[in-house]
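**Q**
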Amino acid sequence: MKHTADRMIALLSLVVLSPVLLAIAVTVLLSSPGPALFAHERIGLNGRPFRMWKFRSMRTGADEELATFLREHGRENEPLFKIPEDPRITSVGRVLRRWSLDELPQLWNVVLGHMSLVGPRPQVLAEVLLCDEQERRRLTVKPGLTGLWQVSGRSQVPWKEAVRMDLRYVERWSLLLDIRILARTLKAVISGRGAV
17 MKHTADRMIA
27 LLSLVVLSPV
37 LLAIAVTVLL
47 SSPGPALFAH
57 ERIGLNGRPF
67 RMWKFRSMRT
77 GADEELATFL
87 REHGRENEPL
97 FKIPEDPRIT
107 SVGRVLRRWS
117 LDELPQLWNV
127 VLGHMSLVGP
137 RPQVLAEVLL
147 CDEQERRRLT
157 VKPGLTGLWQ
167 VSGRSQVPWK
177 EAVRMDLRYV
187 ERWSLLLDIR
197 ILARTLKAVI
207 SGRGAV
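17 is the number of the first residue of the sequence shown in my numbering; add one for each residue after it.
(1) Thinking C-alpha only, which one of Val134, Arg154, Ser47 is nearest Ala21?
(2) Going straight from the alpha carbon of Glu119 to that of Met17, what length do you get?
(3) Are the beta-carbon atoms of Val205 and Ser132 separated by less than 7 Å?
(4) Below 7 Å CB to CB, which residues in the same chain sit around Thr76 once its five sequence neighbours on both sides are set aside?
(5) Excluding the 5 residues preceding and the 5 following Ala26 in the sequence, name in chain order all residues of the same chain whose CB lies nearer than 6 Å to its CB.
(6) Specify the secondary structure class of Ser168 as computed by DSSP and reduced to three states.
(7) Measure from the alpha carbon of Thr84 to the alpha carbon of each residue in Ser73, Leu145, Val42, Pro103, then state which is nearest.
(8) Would the beta-carbon of Ile59 fall within 7 Å of that of Leu141?
(9) Kindly indicate the opening and closing residues of the beta strand (DSSP E) around Arg58.
(10) So which of Arg152, Lys203, Pro174, Thr201 has the shortest CA-CA distance to Leu61?
(11) So for Met4, helix, strand or coil by DSSP?
(12) Is the separation between the beta-carbon of Pro159 and that of Pro136 shorter than 7 Å?
(13) Tell me the DSSP secondary structure of Leu193 in three-state form.
(14) Could you pull the start and end residues of the beta strand (DSSP E) that Gly160 belongs to?
(15) Using a 10 Å radius around the Cβ and a threshold of 16 neighbouring Cβ atoms, would you call Ile197 buried or exposed?
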């Protein structure tokens with residue numbers, strides 16, 4: 017039921033939001049050199065990699081600069097670390113991130129079955145490799161476009177607390193919990209609390 021509902025809602029959302037998606041894509045293209053969309057490899061259900069789509073919110077080549085910035089902040093081994101006032105983010109990208117509009121293309125990942133609307137956020141391989149066996153239990157469900165820790169502070173939530181919330185979701189999943197998280201997601205996006 018969850019997987020069917022996810023795909024149907026995501027497909028309907030893509031159709032309804034298509035004018036908005038097109039407007040965002042054009043704005044990104046006009047604002048800075050590079051493509052409108054950015055594909056990033058993430059780790060999904062049972063450790064399988066997949067390409068996750070986002071609207072590009074950083075300058076082209078930002079991925080190659082990440083290791084340098086993490087070293088400068090002494091955070092090479094800290095999962096989910098966000099660089100304060102990240103200089104790689106474009107002016108349009110800051111607006112997209114503030115309202116989580118950069119995440120909208122992930123509705124296509126939901127349609128393809130790589131992701132769910134609600135679940136633990138998908139990590140990159142380097143972050144997964146830093147997890148212990150208990151923490152990797154997050155990979156026993158599909159990653160989500162939103163999740164429990166996204167509606168509880170987003171980037172302000174410490175890594176260990178984010179993992180604890182994800183594991184709580186895995187253990188206590190219910191359709192009602194998904195509905196509650198989706199409702200709280202709307203509130204979190206509107207408030208912009210914790211957005212980076």
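Every residue gets a Cβ at the ideal spot worked out from N, C-alpha and C, and that includes glycine.
**A** In terms of the structure at hand:
(1) Numbered from its first residue, the sequence shown carries residue 21 at position 5. The shortest Cα separation from Ala21 among Val134, Arg154, Ser47 belongs to Val134.
(2) Sequence index remark: in the sequence shown, residue 119 carries index 103 (1-based). Sequence index remark: in the sequence shown, residue 17 carries index 1 (1-based). So the two alpha carbons sit approximately 24 Å from each other.
(3) Stepping through the sequence shown from its first residue, residue 205 is reached at position 189. Stepping through the sequence shown from its first residue, residue 132 is reached at position 116. Note that the C-beta distance between Val205 and Ser132 is not below 7 Å.
(4) As a first step, residue 76 is located in the sequence shown; it is residue number 60 there, counting from the start. Sequence-distant partners of Thr76 (beyond 5 residues in either direction) whose C-beta falls short of 7 Å from its own C-beta, in its chain, are Pro49, Gly50.
(5) Numbered from 1 along the sequence shown, position 10 holds the residue referred to as residue 26. Around Ala26: Leu123, Val126, Val127.
(6) The residue labelled residue 168 in the question sits at position 152 within the sequence shown. Here Ser168 sits in helix by DSSP.
(7) Indexing the sequence shown from 1 puts residue 84 at position 68. Nearest C-alpha to Thr84: Pro103.
(8) Stepping through the sequence shown from its first residue, residue 59 is reached at position 43. Stepping through the sequence shown from its first residue, residue 141 is reached at position 125. Contact: yes.
(9) Taking the sequence shown and counting its residues from 1, one reaches residue 58 at position 42. For Arg58, the uninterrupted beta strand (DSSP E) segment begins and ends at 53 to 59.
(10) Here residue 61 refers to the residue found at position 45 when the sequence shown is read from its first residue. When only C-alpha atoms are compared, the closest one is Arg152.
(11) Beyond the ends of the chain as shown, which are 17 and 212, falls residue 4; an answer cannot be given.
(12) Here residue 159 refers to the residue found at position 143 of the sequence shown. Here residue 136 refers to the residue found at position 120 of the sequence shown. Here Pro159 is near Pro136, since their CB atoms are less than 7 Å apart.
(13) The residue you call residue 193 lines up with position 177 of the sequence shown. Reduced to three states, the DSSP call for Leu193 is helix.
(14) Within the sequence shown, residue 160 is the residue found at index 144, counting from 1. Taken as a continuous stretch (DSSP letters only), the beta strand (DSSP E) holding Gly160 covers 160 to 162.
(15) For this step, residue 197 is matched to residue 181 along the sequence shown. With 16 or more other Cβ atoms within 10 Å, it is buried.
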